[in-house]
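J.: Sharing a structure, written as structure tokens. Questions coming.
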Amino acid sequence: MTSPRNLLKAWNLKPKKRMGQNFLTDPSTAGTIISRANLTADDVVLEIGAGLGALTIPLARVVKKVHAVEKDDHLIELLKTELLANRISNCDIIAQNILEMDLPTLADTAATRLTVVGNLPYGISSQILIQLMHSRDIIERAVVMFQKELAQRIAAQPGGKQYGRITAMLRYCADIRFLANVKASAFYPSPKVDSTVLDIRFKPTSIYGPHDEAMLFRVIKAAFGNRRKTLKNAIAAAGLQIDSQSIIAALSTAGIDPIRRAETLDPSEFVALSISLQKAMATSQGSKEKWC
1 MTSPRNLLKA
11 WNLKPKKRMG
21 QNFLTDPSTA
31 GTIISRANLT
41 ADDVVLEIGA
51 GLGALTIPLA
61 RVVKKVHAVE
71 KDDHLIELLK
81 TELLANRISN
91 CDIIAQNILE
101 MDLPTLADTA
111 ATRLTVVGNL
121 PYGISSQILI
131 QLMHSRDIIE
141 RAVVMFQKEL
151 AQRIAAQPGG
161 KQYGRITAML
171 RYCADIRFLA
181 NVKASAFYPS
191 PKVDSTVLDI
201 RFKPTSIYGP
211 HDEAMLFRVI
221 KAAFGNRRKT
231 LKNAIAAAGL
241 QIDSQSIIAA
251 LSTAGIDPIR
261 RAETLDPSEF
271 VALSISLQKA
281 MATSQGSKEK
291 WC
């Protein structure tokens, strides 16, 4: 593996801080990630942020196909050259922003559910996770690297301050497993903090019974929008067009104490709350129409 510093210098390029570019320098780290993720020759991988190919190349040697997404146009020719030099033929490069990609069309082309792999840029990690959650019918799992502190929040269990909106949404539809820690020194330039790789495996949500997922996500957002407030007050302040008494009744129906806070609810409790709130809102709306 060519040193990222030397490779960039040879191409008269520099890491872009605004794009959160930190290039993996340690080939053993890439090997560890791929090994612990149990990737196979049947997998079709969507790699987010291919960079200089430090993960792309070993991935391509293990899996069936790699769709390598790279937003930085200045790296594309360099990446193509590295793939050619390493005789990689089962990888296509997609010069695009992952948040603007048509993932269903890509999955149709692959004729299988995708496995996402990548080192997610810190500034848009949450946006990418939400995108993946909404696309989970075509994505089987995501093996992704985050800054360590963010990874700890994403993998948090209910009941603590680290458990937040994205965590609750993700735990509703996925199982999360720790894969590896990666030292900051394994990158060029070195970030200020270490990183953690998580294996996020999406699961069926039919286990919760019939429910409206869009409503569920609205309720989770409302509950964490004022997370220091009790659930009753947080939901009342969220503009869901439901009065306080109806909120209390909905919480009671769901078996949830109104003075609890958002971080104490597990996904099944959020589902139950979303169902009872939706019914209460429908009843309230019906009453208004009746008297109009």
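In the working numbering, the protein residues as written are 1 to 292. The beta-carbon is built from N, C-alpha and C at its ideal position, and this holds for glycine as well.
Using only CA atoms, which one of Ser268, Ile248, Pro267, Asp266 lies nearest to Ile259?
T.: When each option's Cα is compared against that of Ile259, the closest is Ile248.
J.: Identify the continuous beta strand (DSSP E) that holds Ala142 and give its terminal residues.
T.: That run of the beta strand (DSSP E) goes 139-147.
J.: Ignore the nearest five residues each way along the sequence and tell me which others in Arg262's own chain have a CB closer than 6 angstroms to its CB.
T.: Checking the sequence shown, residue 262 turns out to be Ala, not Arg. Excluding sequence neighbours, Ala262 sits near Ala223, Phe224, Arg227.
J.: What first and last residue would you give for the alpha helix (DSSP H) that runs through Glu213?
T.: Counting along the chain, the alpha helix (DSSP H) containing Glu213 begins and ends at 213-225.
J.: Identify every run of the alpha helix (DSSP H) within the segment 229-263, keeping only runs that are complete inside it and at least 4 residues long; order them along the chain.
T.: Counting only runs of 4 or more, we get 231-236, 244-253.
J.: Please classify Val193: is it buried, with 16 or more other beta-carbons within 10 angstroms of its beta-carbon, or exposed?
T.: Classification of Val193: exposed, given that the 10 Å Cβ count is below 16.
J.: Whose C-beta lies closer than 6 angstroms to the C-beta of Leu39 among residues of the same chain, with five residues either side of it excluded?
T.: Once the five neighbours on either side are set aside, the close Cβ partners of Leu39 are Val62, Val63.
J.: Arg171: which of Pro189, Ser190, Tyr188, Thr205 sits nearest, CA to CA?
T.: Selected option, being the one with the closest Cα: Thr205.
J.: Thinking C-beta only, is Leu103 closer than 7 angstroms to Ser125?
T.: No, the Cβ-Cβ distance between Ser125 and Leu103 is not below 7 angstroms.
J.: Where does Arg18 land, buried or exposed, given buried means 16+ other C-beta within 10 angstroms?
T.: With fewer than 16 other Cβ atoms within 10 Å, it is exposed.
J.: Following the continuous alpha helix (DSSP H) through Asp73, name the residue where it begins and the one where it ends.
T.: Element bounds for Asp73: 73-85.
J.: Under the assumption that Ala174 contacts Arg201 (Cβ atoms under 8 angstroms), give the Cβ distance between them as a whole number of angstroms.
T.: Sure, about 6 angstroms apart at Cβ, within 8 angstroms.
J.: Roughly how many angstroms lie between the CA atoms of Val66 and Ala60, to the nearest whole one?
T.: Computed Cα separation, rounded: 6 angstroms.
J.: I need the boundaries of the beta strand (DSSP E) containing Ser195, first residue and last residue.
T.: Per DSSP, Ser195 belongs to the beta strand (DSSP E) from 195-202.
J.: Please state if the CB of Ala168 and the CB of Ile207 are separated by a distance shorter than 7 angstroms.
T.: For Ile207 and Ala168, no; Cβs fall outside 7 angstroms.
J.: Look at the alpha carbon of Ile235 and the alpha carbon of Lys229, and state the distance between them as a whole number of angstroms.
T.: Cα-Cα distance, rounded: 9 angstroms.
J.: Look at the alpha carbon of Asp73 and the alpha carbon of Ala95, and state the distance between them as a whole number of angstroms.
T.: Taking the straight line joining both Cα atoms gives about 7 angstroms.
J.: Run the proximity test for Leu114: is its beta-carbon closer than 6 angstroms to any non-hydrogen atom belonging to the ligand MN?
T.: Looking at this structure, you won't find the ligand MN or any other ligand, since it has none at all.
J.: In the DSSP assignment, what residue or residues form a beta bridge with His67?
T.: Answer is Leu46, Asp92, bridged to His67.
J.: How is Gly53 classed by DSSP in three states: helix, strand or coil?
T.: DSSP places Gly53 in coil when its eight states are reduced to three.
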